[in-house]
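Shown next, in structure tokens, is the structure this report addresses.
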Amino acid sequence: MGVKLREQGEEDFVLLERAGDVGGTWRDNTYPGCACDVESHLYSFSFEPNPNWSRLYAPQPEIFAYLKHVATKYDLLRHIRFHANLTGARWDEARKLWVVKAEDGRVFEGEILVSGMGGLSNPAYPNVPGIDKFEGRAFHSATWDHGFDLEDKRVAVIGSGASAIQFVPAIAPKVAHLTYFQRTPPWVVPKMDRPVRPDERADFAANPWRQQLARTKLYWMLEARFLAFKFKPEWMNLVAKVGKHRIRKHIKDPALQAKLTPDYTPGCKRLLISNEYYPALARTNVEVVTEGIKEVVPKGVVTQDGQFHEVDAIIFGTGFKVQDPIPKGTVHGRNGADLAEVWKQGAEAHMGIAVAGFPNFFMLMGPNTGLGHNSMVFMIESQAHYILEAIKAMKEQRIRALDVKPEVQKQFVDGVQKELERTVWQSGCKSWYINEQGRNTAAWPGFTFAYRLKTRRFKLKQYQAERA
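Just so you know, our numbering puts the end of the sequence shown at 470, numbered straight through with nothing missing.
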């Protein structure tokens, strides 16, 4: 967003960052084995290709370094206010401004407010009694405790999502014993990863068009996968066959095979990729526990069947607060409306970007713009373009306040929900795509190119505009 603002000649903007460095999720998630699950030649900005990725799926340190490089190259650091943890943002109707307060007391004012938080920024913890009573070391995978030596320790891992399938294989050889508490097994398919050869990197550096061609090819290959999510659900049977074959190949114990075999359609929950996951779970020092957790006690974990599991450390691989990205009392729009209250039944926004009653407020990675088949960077760039078009319209027509019409938002949201009914995400499993009311507020129900076409032009007639 900052890069594109500068390209458009905008210099009067600030980027509020709650931490002390750029990088977002790739700064915070430093757990062992952390890597991207979209090939890096696509999971990168279209305007800043990187010919030097070491692997097809780059590890976290490389992605973090790439983001720092982008911030420096495009002179964004002077616009960033670090350690600016937002505690409140309120629309001032009289002055047509957003007033934003940071935790340290700083106050920022601006005509336009853009949220770049996304849904994978605030760690989620399980609602289990006694967590605060545990006497050992406990931490979330997103806030990994690198000061704690896992060597020869008894470790409990709670959660079996995208982070866990990366760090469990990385720590299993080091620990004395790993107790893996799994509520629902994921579908795990092979990760087609390999090092990028030096000659390939040199070729991409010398011939950027070849890297662009590879990126385009990869994009359309991933885009084609959406057919299985919506139009050809029977194709998911092939994914299930591959997943079950890999379980049988690596897991010889029939009881453990049963524990690790999902009973829902692939894609209903996030599809995961790994080559090391099942071999790690087959290790003699790893125990998979599917019994529900009753409580955490000072020395370990007690399951519903009364079994006590003594451990030295607990690692939470329980994901993020996707359904509650903006805490109550944080963002207030017209008439003091609290965005968290407005979203009580489920987050929604026009294009996943603008919310009725919250003028001049836009979002990146907003409701129903998440993906299960392609790169989120593509969606973010589409959203940034749309917001920039809105800003351009405001400047050209001297508009002080833009507020999406409620009926326009409703029409868009109703259309999204109707399209979602036909997708694999609605096939009955419990996932972070679905909120407590049974509504999918996370996933985009179509092709990413369809979303780009929708966001290509900003339609002023869909907004209530107040001019100077």
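Cβ coordinates follow ideal geometry from the N, Cα and C atoms, glycine included. This one's a predicted model, so the numbers in the text were calculated from it and none came from an experiment.
Backbone CA spacing between residue 68 and residue 444 [nearest angstrom]: About 27 Å.
At least 3 beta-carbon pairs within less than 8 Å: the stretch 154-171 vs the stretch 317-328: Segments in contact, yes.
Cβ neighbours of residue 352 in the same chain (closer than 8 Å, five flanking residues each side left out): Counting only residues of its own chain and dropping the five nearest sequence neighbours on each side, residue 352 has a CB closer than 8 Å to the CB of 358, 406, 410, 411, 414, 415 and 464.
Residue 296 - DSSP class collapsed to helix/strand/coil: Correct three-state label for residue 296: strand.
Close Cβ partners of residue 213 (< 7 Å) along its chain, the five nearest in sequence each way excluded: Counting only Cβ-Cβ distances below 7 Å, and skipping sequence neighbours, we find 43, 51, 53 and 206.
Limits of the unbroken alpha helix (DSSP H) element including residue 179: Boundaries for residue 179: no alpha helix (DSSP H) harbours it, while the beta strand (DSSP E) harbouring it runs 179-183, taken from the DSSP string.
Residue 221 (DSSP reduced to helix, strand or coil): Residue state, collapsed to three classes: helix.
Validate contact between the stretch 355-369 and the stretch 213-224 using beta carbons, cut 8 Å, 3 pairs: Because the criterion of three Cβ pairs below 8 Å is not met, the stretch 355-369 and the stretch 213-224 do not touch.
Inter-residue CB distance, residue 298 and residue 133 (contact presumed, cutoff 8 Å): Rounded, the Cβ-Cβ distance is 5 Å, consistent with contact.
Contact belief for residue 289 with residue 181 at Cβ below 8 Å, rounded distance in angstroms: That pair is a contact at about 5 Å.
Span of the alpha helix (DSSP H) around residue 412: Per DSSP, residue 412 belongs to the alpha helix (DSSP H) from 408-422.
Nearest candidate by alpha-carbon position, reference residue 8, set 250, 19 and 80: For the options 250, 19 and 80, the alpha carbon positioned closest to that of residue 8 is the one of 80.
Assumed close pair residue 188, residue 263 - CB separation to whole angstroms, cut-off 8 Å: Taking 8 Å as the upper bound for CB-CB distance, residue 188 and residue 263 are not in contact here, some 11 Å apart.
Run of the beta strand (DSSP E) containing residue 311, from where it starts to where it stops: Counting along the chain, the beta strand (DSSP E) containing residue 311 begins and ends at 310-312.
Minimum C-alpha distance to residue 235 - residue among 386, 75 and 429: That would be 429, whose Cα lies nearest to the Cα of residue 235.
Straight-line gap, residue 60 to residue 373 (C-alpha atoms, nearest Å): Answer to the nearest angstrom: the Cα atoms are 19 Å apart.
Collapsed DSSP secondary structure at residue 365 in the structure displayed: Note: residue 365 maps to strand in three-state DSSP.
Segment limits, beta strand (DSSP E) that includes residue 302: That run of the beta strand (DSSP E) goes 302-305.
When 138, 224 and 96 are compared against residue 451, the one with the closest alpha-carbon: Looking from the CA of residue 451, the closest CA among 138, 224 and 96 belongs to 224.
Run of the alpha helix (DSSP H) containing residue 28, from where it starts to where it stops: Counting along the chain, the alpha helix (DSSP H) containing residue 28 begins and ends at 27-30.
Proximal residues to residue 441 (C-beta, below 8 Å), its chain only, five neighbours per side dropped: Within the same chain, and ignoring the five residues on either side of residue 441 in sequence, the residues whose Cβ sits closer than 8 Å to its Cβ are 347, 348 and 419.
Span of the alpha helix (DSSP H) around residue 435: The continuous stretches of alpha helix (DSSP H) do not include residue 435, and DSSP gives it neither H nor E.
Candidates 467, 46 and 377, of which the one nearest residue 226 by Cα: Measuring from the Cα of residue 226, the nearest candidate turns out to be 377.
Alpha-carbon spacing of residue 101 relative to residue 88, whole angstroms: CA-CA distance, residue 101 to residue 88, rounds to 11 Å.
Sequence-distant residues of the same chain with beta carbon closer than 6 Å to residue 46, five excluded per side: The residues 52, in chain order, have a CB closer than 6 Å to that of residue 46 in the same chain once the five nearest residues on each side in sequence are set aside.
Where residue 47 falls: helix, strand or coil (DSSP): Residue 47: coil per DSSP, three-state reduction.
Residue 190, buried or exposed, once every other Cβ within 10 Å from all chains shown has been counted against 16: Buried: at least 16 other Cβ atoms inside 10 Å.
Beta bridge counterpart(s) of residue 334 as assigned by DSSP: Residue 334 is bridged by DSSP to 92 and 340.
Whole beta strand (DSSP E) elements within the stretch 97-150, 3-residue minimum: Segments of the beta strand (DSSP E) lying fully in the stretch 97-150: 99-104, 109-112, 115-117 and 139-142.
Neighbourhood of residue 27 by C-beta, 6 Å cutoff - its chain only, sequence neighbours within 5 removed: Answer for residue 27: 122, listed in chain order.
Proximal residues to residue 172 (C-beta, below 6 Å), its chain only, five neighbours per side dropped: Once the five neighbours on either side are set aside, the close Cβ partners of residue 172 are 34 and 35.
Nonlocal neighbours in the same chain, by C-beta distance under 6 Å from residue 330, ignoring five residues either side: Only 342 meet the Cβ criterion.
Secondary structure of residue 37, DSSP reduced to three states: In the three-state scheme derived from DSSP, where H, G and I count as helix and E and B as strand, residue 37 is classed as strand.
Backbone CA spacing between residue 256 and residue 313 [nearest angstrom]: Distance between the alpha carbons of residue 256 and residue 313: 26 Å.
Whether residue 128 touches residue 145 by CB criterion (9 Å): Contact: no.
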